[in-house]
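Note that the sequence shown covers residues 4 to 305 in the working numbering.
Even for Gly, the Cβ is constructed at its ideal location relative to N, Cα and C.
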Amino acid sequence: MDEFDVVTGAFSYSGAAIVRKLQASGRQVRTLTGHPDRAPRDTAIEVRRLDFGDPAGLAESLRGARTLYNTYWVRFARGHVDHAAAVANSRVLIQAAGQAGVQRIVHISITHPSAASRYPYFRGKAAVELALAESGISHAVLRPAVLFGGDGVLINNIAWLLRRFPVFAVGGTGEYRLRPIHVDDLARLSVESGSSGSTSVIDAVGPDRPTFYGLASGIREAIGSHSRIVRVPGELIPVAAKVLGLALRDTLLTGDEYRAMAEGLADTDGPATGQISVTRWITENKDALGRRYANEINRHFR
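In structure tokens:
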């Protein structure tokens, strides 16, 4: 195989978008995936297993790669894998990349990572960024807050709820803001960062900055829902999400996810680095949004 790039999770959401951009530019791609059985039979991507218990095997799978695009993470703790385990796994991957001679790493992080955060997700992301900085490998860090587009979960499932329930609850005032970025914009930024030689940290955020209440209201109007959007005390949201999650056999929203969003951690003040408007995208895709529920646990664990 000639010079190639490696993408973790090439058949997942953001990983698949990055692969499409790389292939469109003529790059050959290898993937490291925890689910090699999900690879399409006709795929042009070389598939290797993402096995953190085999560092030597990981290094061998990365040998010869120019750039590693790392999308690996866990959204919430499940079974024996929590955020601390995800940090340890990420360190193994970074060390393997160094041993393999990978020239550059593009890492997908999160807005506002902090070692002092009270949220394990944000602490973990900060720890991985630190490990990457200490590795000595040329790298770029992209920090998205909320992704949309394609078969994304959040906006689709808000639309699904608005289509099926007479009431949609928003925690607190609902005036906390988000900076959603289209998954194709994230992929474009990733590939551009991969071809650069400079170390960089980029907030991957779109041009729109709606409040959560405004986002839900915009989805409601676009799809023609008659659901009533009501503000409720914030502490009720994790409880309601857990009850719905049990019924759907999924995790809709964790308590930490809600609280972090309500504290403004899905918002930034910096300039837009994405180009696609979430408001316009919702309008353009209104007929398809929320027709089917997108089950996160089915996608990643079942």
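Would you say residue i and residue j are within 8 Å of each other, going by their C-beta atoms?
i, j, result
"Ser228", "Val170", "no"
"Tyr16", "Asp154", "yes"
"Ile21", "Thr34", "no"
"Ala143", "Leu181", "no"
"Ile222", "Leu292", "yes"
"Val131", "Val90", "yes"
"Ala172", "Val233", "yes"
"Arg23", "Ala190", "yes"
"Gly177", "Phe125", "no"
"Ile240", "Arg166", "no"
Is it right to say residue i is buried, meaning 16 or more other beta carbons lie within 10 angstroms of its own, or is it exposed?
i, result
"Asn159", "buried"
"Ser199", "exposed"
"Ser93", "buried"
"Asn301", "exposed"
"Ser193", "buried"
"Asp5", "exposed"
"Pro213", "buried"
"Arg146", "buried"
Could you give the residue range of the beta strand (DSSP E) that holds residue i?
i, result
"Ser141", "Ser141 to Pro147"
"Asp272", "From DSSP, Asp272 is part of no beta strand (DSSP E); its letter is neither H nor E."
"Gly174", "Val170 to Gly174"
"Thr203", "The residue you asked about is not Thr; residue 203 is Ser in the sequence shown. Ser203 to Ala207 is the extent of the beta strand (DSSP E) around Ser203."
"Pro183", "Pro183 to His185"
"Glu49", "Glu49 to Arg52"
"Asp8", "Phe7 to Thr11"
"Val32", "Gln31 to Thr36"
"Thr70", "Ala68 to Asn73"
"Ile323", "In the structure as shown, the chain begins at 4 and stops at 305. Residue 323 is therefore absent and cannot be evaluated."
Measure from the alpha carbon of residue i to the alpha carbon of each residue in the options, then state which is nearest.
i, options, result
"Leu53", "Asn301, Glu224 and Leu65", "Leu65"
"Ser112", "Tyr296, Asp8, Gly127 and Val246", "Gly127"
"His110", "His86, Leu135 and Leu247", "Leu135"
"Ser117", "Ala129, Arg107 and Ile108", "Ala129"
"Arg51", "Asp45, Pro43, Arg44 and Leu61", "Leu61"
"Thr114", "Gly273, Arg295, Glu137 and Thr70", "Gly273"
"Glu224", "Leu251, Val105, Ile161 and Gly174", "Ile161"
"Glu63", "His38, Ala88, Ala99 and Thr36", "Ala99"
"Val281", "Leu164, Val186 and Ile97", "Val186"
"Ile279", "Arg166, Tyr216, Gly152 and Leu251", "Gly152"
"Glu299", "Ala269, Trp163 and Thr254", "Thr254"
Where does the unbroken alpha helix (DSSP H) through residue i begin, and where does it stop?
i, result
"Pro58", "Pro58 to Leu65"
"Tyr296", "Run containing Tyr296: none; DSSP gives neither H nor E here."
"Gly101", "His86 to Ala103"
"Asn160", "Leu157 to Arg167"
Taking residue i and residue j to be in contact with their CB atoms under 8 Å, please state how far apart those CB atoms are, rounded to whole angstroms.
i, j, result
"Gly209", "Gly277", "4 Å"
"Thr70", "Gly248", "Contact flag wrong, Cβ pair sits at about 37 Å."
"Val105", "Ala68", "5 Å"
"Ala263", "Gly174", "Contact doesn't hold; Cβ gap of about 12 Å is too wide."
"Gln31", "Phe7", "4 Å"
"Tyr72", "Val10", "4 Å"
"Trp163", "Tyr75", "Actually they are not in contact, since the Cβ atoms of Trp163 and Tyr75 sit about 27 Å apart, beyond 8 Å."
"Ser138", "Arg107", "Not quite, the Cβ-Cβ distance comes to about 11 Å (not below 8 Å), so this is no contact."
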